[in-house]
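A short worksheet on the structure shown next.
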Amino acid sequence: MSNNDQSRNIPYDPLPLTNDDTSTNALYNAPPSPEPRLSAFHTPQLAPTDLGPDDHVFAAGAAQPRFLGAALYDGPGTPGLRDSFASSNHTFQSSEYNSSIYALNAQGSGRFDGSYRDDPQENFYGEHGVPMSPVTSSGRVLEKKRATYAPPKAKSRRIIILVAVVILIVIAIAVFIPIYFVISKRSSRATDGSQPSSESEAGPSATSTVPKQKVAVTGGDGSLITMEDGTTFTYRNPFGGFWYWDENDPFNNGAKAQSWTPALNETFNYGIDKIRGVNFGGWLNTEPFISPALYEKYLNNSTPAVDEWTLSLAMAADTASGGLNQLETHYKTFITEQDFAEVAGAGLNFIRIPIGYWAIEVRQGEPFLPKVSWTCVSFVTMFVIDSEFARRYFLKAIKWARKYGLRINLDLHALPGSQNGWNHSGRLGTVGFLNGPMGYANAQRSLDYIRIIAEFISQPQYKDVVAIFGIVNEPQGSTIGQDVLSKFYMEAYSIIRSAGGTGQGNGPYISLHDAFFPRSSWANVIPNADRLTLDSHPYLCFNGQSSAPMSSYATTPCTTWGGVVNTSMSAFGLTNAGEFSNAVTDCGLFLNGVNLGTRYEGTYPGNWPVVGDCSVWTDWQNYDSATKQAIHQFALASMDALQNYFFWTWKIGNSSVSGKVETPAWSYQLGLQNGWMPTDPRQATGVCGNSNPWTPPLLSWQTGGAGAGEIPPSATSSLAWPPATLSTGGAISSLPSYTPTGPIPTLPVPTFSAAGSTSVINAGSGWQNPSDTQGVNVPIPTCTYLDPWVDPGTAPPSPLCAGGAVRRAMSQPMITLS
Numbered sequence: 001m002s003n004n005d006q007s008r009n010i011p012y013d014p015l016p017l018t019n020d021d022t023s024t025n026a027l028y029n030a031p032p033s034p035e036p037r038l039s040a041f042h043t044p045q046l047a048p049t050d051l052g053p054d055d056h057v058f059a060a061g062a063a064q065p066r067f068l069g070a071a072l073y074d075g076p077g078t079p080g081l082r083d084s085f086a087s088s089n090h091t092f093q094s095s096e097y098n099s100s101i102y103a104l105n106a107q108g109s110g111r112f113d114g115s116y117r118d119d120p121q122e123n124f125y126g127e128h129g130v131p132m133s134p135v136t137s138s139g140r141v142l143e144k145k146r147a148t149y150a151p152p153k154a155k156s157r158r159i160i161i162l163v164a165v166v167i168l169i170v171i172a173i174a175v176f177i178p179i180y181f182v183i184s185k186r187s188s189r190a191t192d193g194s195q196p197s198s199e200s201e202a203g204p205s206a207t208s209t210v211p212k213q214k215v216a217v218t219g220g221d222g223s224l225i226t227m228e229d230g231t232t233f234t235y236r237n238p239f240g241g242f243w244y245w246d247e248n249d250p251f252n253n254g255a256k257a258q259s260w261t262p263a264l265n266e267t268f269n270y271g272i273d274k275i276r277g278v279n280f281g282g283w284l285n286t287e288p289f290i291s292p293a294l295y296e297k298y299l300n301n302s303t304p305a306v307d308e309w310t311l312s313l314a315m316a317a318d319t320a321s322g323g324l325n326q327l328e329t330h331y332k333t334f335i336t337e338q339d340f341a342e343v344a345g346a347g348l349n350f351i352r353i354p355i356g357y358w359a360i361e362v363r364q365g366e367p368f369l370p371k372v373s374w375t376c377v378s379f380v381t382m383f384v385i386d387s388e389f390a391r392r393y394f395l396k397a398i399k400w401a402r403k404y405g406l407r408i409n410l411d412l413h414a415l416p417g418s419q420n421g422w423n424h425s426g427r428l429g430t431v432g433f434l435n436g437p438m439g440y441a442n443a444q445r446s447l448d449y450i451r452i453i454a455e456f457i458s459q460p461q462y463k464d465v466v467a468i469f470g471i472v473n474e475p476q477g478s479t480i481g482q483d484v485l486s487k488f489y490m491e492a493y494s495i496i497r498s499a500g501g502t503g504q505g506n507g508p509y510i511s512l513h514d515a516f517f518p519r520s521s522w523a524n525v526i527p528n529a530d531r532l533t534l535d536s537h538p539y540l541c542f543n544g545q546s547s548a549p550m551s552s553y554a555t556t557p558c559t560t561w562g563g564v565v566n567t568s569m570s571a572f573g574l575t576n577a578g579e580f581s582n583a584v585t586d587c588g589l590f591l592n593g594v595n596l597g598t599r600y601e602g603t604y605p606g607n608w609p610v611v612g613d614c615s616v617w618t619d620w621q622n623y624d625s626a627t628k629q630a631i632h633q634f635a636l637a638s639m640d641a642l643q644n645y646f647f648w649t650w651k652i653g654n655s656s657v658s659g660k661v662e663t664p665a666w667s668y669q670l671g672l673q674n675g676w677m678p679t680d681p682r683q684a685t686g687v688c689g690n691s692n693p694w695t696p697p698l699l700s701w702q703t704g705g706a707g708a709g710e711i712p713p714s715a716t717s718s719l720a721w722p723p724a725t726l727s728t729g730g731a732i733s734s735l736p737s738y739t740p741t742g743p744i745p746t747l748p749v750p751t752f753s754a755a756g757s758t759s760v761i762n763a764g765s766g767w768q769n770p771s772d773t774q775g776v777n778v779p780i781p782t783c784t785y786l787d788p789w790v791d792p793g794t795a796p797p798s799p800l801c802a803g804g805a806v807r808r809a810m811s812q813p814m815i816t817l818s
């Protein structure tokens, strides 16, 4: 549809206004002027609608930015889905997303002794010497013979001994020096509290055959941590949490984030224990508004960087700056070990980490940096005890989360062809996943990537750390259709449970995004499914804009989200908010996409009225105490209403132009540093005054107990994969598809070995279920394929395959460790 379709530019209801002063001027007062001191926000990208004239937007058919604004309608006068997102949200008729903000707001007013003790013998040769025999004539003759013959023999012996000693010294130096520097480095790190030692909770470990100096393996508030680059920081955790890391026992799960959060080797009781989490957005899957400096560098290119696809192309051409390896520099510096420690110290217990499918592989000219966001080729020598070179970067995340007692929600944020057409999916444009001529083939690839990840994280060494697996981030439900998506979810569920091995309760919780449909429509989607959680991303800032003060939103999260979450916890089971923020306007650099402007200032594509100047909302260095308190209250209300949540996002990078964070409502870390985020998230409990809360526990089968996984045959049949047709593309039988005969690019594991030993600690194989031997989906040589990122409106190849080749699943198992 043309971007000039003005019927989609439908104005939104005003935001909630609770100012006591009913005068017109009071209703539109801006938030209190900030105070001089005070950093960070999240980016979006649209669906192929609600765009202004083509001359000031982007190419026809391209998707709107992730955080969509105007309503979508099937036809004039036919109410339908309203897209509103940011890692975002759609608004729906008869749902929390579609309600008038104003109306909603109005409803609810070895200890180790390191000293060395020497105990030399008194006299090595004894107390008395051996007396010499008397000197006689015969004795003199004997001495003469000795003078003649003995010296050469003694001299020869001394030379041999001397040579042997020199050889031994050379060998000792060759062996000792490398080991000394490795152990010395580790000892220095350990003595300051950065290194630990313990019993294995998740897998067998090798025991060193050479005694090592014992080092500290755990510490609490005030302990000093030395990071891999040699820099140090002080671990601050006022909540009784403690870190734990032992280089000789790297799979120990004894760390505890806070006294009230179960340690990793203890049971996390979902539904009773609250998920209080934060996202590490923009780290291993970049977004322009989270790391604006990466994108600002290429704004003046003939093709500006607007997503990771175009960013990768721009970086690859920029060899003078390091080429595509600039992305690895970002991985290395944007999130470090200290961030994990600070998350635990902030009272949070979960981290949601988005990754792109290119962590596993890329194909057919896809420009993304492959594999590095997970790991690189291992580099281990006989003298390296635990090579830092062998662990990048998601594997480091697992190590650091384990060290600080944090659990991970691994979120597959980008799929081949794009699941939503927004910049965070890898490529801004159209939806090519389960849509268009390559929609089925792209879904086949996606299921392979889900299987590869599931096999890895289901291993006993990792399952207690990577506790949740979000299989698709924000699929565009309005384009794909809920029925088709439900079938994909069922197939992914079966694959993940198979990867975990036999028996219920194996493998991670599986997080299903609501695709911007009402939560109620997902109740019992897979009856008796073993450990599912429903993920929603509620945002307020991408609908109609208002200049009402921040204080007017004090109870909006409670009235907008609280009741809906209670209902979903009963009808579906565990419900989580995978993303939410403190933003109530769409103000912020690149928040809606690169160079797409804002609704608030009337510069966003479409007919948006000018409401005000965004600097009022983004000038965090001048927030006054009232503004900070109002944001603090909004954050607490959001946490209480959502119950189990992940704030989007932990940190925002500085703009290279202004030198500061330009989207402060989206940075948890900045809020902590400047006083508008709660230092203890438990303060949120009861803020909404919920009069009819959901009462735990979850049902037994919802938590992997009795009945879990006993899916009725009728449900299995109705959710059979693949679907018969796609909404755009037609019958599956007429579309290109792959065959599962390719070698599996198994995710590599980290390498650990004990000091002074050639024994390697068991880190798993990367593949939990050895019975899972089917290959990955690859092209059939006799068939024709389009670009996986082709426009969905393109006709499929005809004929699909030469000579009427039969496209069937020919199993040729090949599992490779690479």
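Take the sequence shown: its letter number 166 is residue 166 in the UniProt record's numbering, and every next letter is one higher.
Glycine included, each C-beta is placed from N, C-alpha and C at the ideal position.
8 angstroms Cβ cutoff met for residue i and residue j
| i | j | result |
| --- | --- | --- |
| residue 369 | residue 278 | no |
| residue 285 | residue 356 | yes |
| residue 578 | residue 352 | yes |
| residue 272 | residue 697 | yes |
| residue 417 | residue 439 | yes |
| residue 723 | residue 732 | yes |
| residue 635 | residue 677 | yes |
| residue 255 | residue 404 | yes |
| residue 222 | residue 505 | no |
| residue 268 | residue 529 | no |
| residue 495 | residue 715 | no |
| residue 474 | residue 543 | no |
| residue 796 | residue 437 | yes |
Same chain only: Cβ atoms within 8 angstroms of residue i, ignoring 5 sequence neighbours per side
| i | result |
| --- | --- |
| residue 570 | 694 |
| residue 604 | 69, 586, 592, 596, 597 and 598 |
| residue 760 | 206, 751, 752 and 753 |
Nearest neighbour of residue i, chosen from the options [CA to CA]
| i | options | result |
| --- | --- | --- |
| residue 737 | 434, 344, 320 and 329 | 434 |
| residue 557 | 547, 541 and 545 | 541 |
| residue 485 | 721, 259, 257 and 327 | 721 |
| residue 682 | 607, 372, 449 and 638 | 638 |
| residue 659 | 294, 320 and 513 | 294 |
| residue 593 | 307, 669, 652 and 749 | 307 |
| residue 487 | 522, 344, 460 and 243 | 522 |
| residue 669 | 340, 520 and 459 | 340 |
Beta-bridge pairing of residue i - partner residues as DSSP gives them
| i | result |
| --- | --- |
| residue 243 | 219 |
| residue 610 | None, per the DSSP bridge assignment. |
| residue 589 | The partner list for residue 589 (beta bridge, DSSP) is empty, contrary to what the question assumes. |
| residue 409 | 352 and 468 |
| residue 447 | Answer is none; residue 447 lacks a bridge partner. |
| residue 646 | 277 |
| residue 688 | The partner list for residue 688 (beta bridge, DSSP) is empty, contrary to what the question assumes. |
| residue 224 | 234 |
| residue 414 | 356 |
Cβ-based neighbour list, residue i, same chain, cut-off 6 angstroms, excluding 5 preceding and 5 following
| i | result |
| --- | --- |
| residue 292 | 589, 590 and 655 |
| residue 402 | 465 |
| residue 455 | 499, 767 and 768 |
| residue 803 | none |
| residue 533 | 509, 511, 574 and 576 |
| residue 441 | 736, 737 and 738 |
| residue 358 | 368 and 370 |
| residue 261 | 349 |
| residue 463 | none |
Spatial neighbours of residue i in its chain, beta-carbon cut-off 7 angstroms, leaving aside the 5 residues before and after
| i | result |
| --- | --- |
| residue 800 | 736, 783 and 784 |
| residue 798 | none |
Residue i: CB within 7 angstroms of a non-hydrogen atom of the ligand GDP
| i | result |
| --- | --- |
| residue 439 | Among the components of this structure there are no ligands whatsoever, and the ligand GDP is therefore not found. |
In chain order, each alpha helix (DSSP H) run of at least 4 residues that lies wholly inside the stretch 502-575: 563-571
Contiguous alpha helix (DSSP H) assignments of at least 4 residues, all confined to the stretch 714-782: none
Every unbroken beta strand (DSSP E) within the stretch 248-332, with a cutoff of 3 residues, ordered by chain: 276-279
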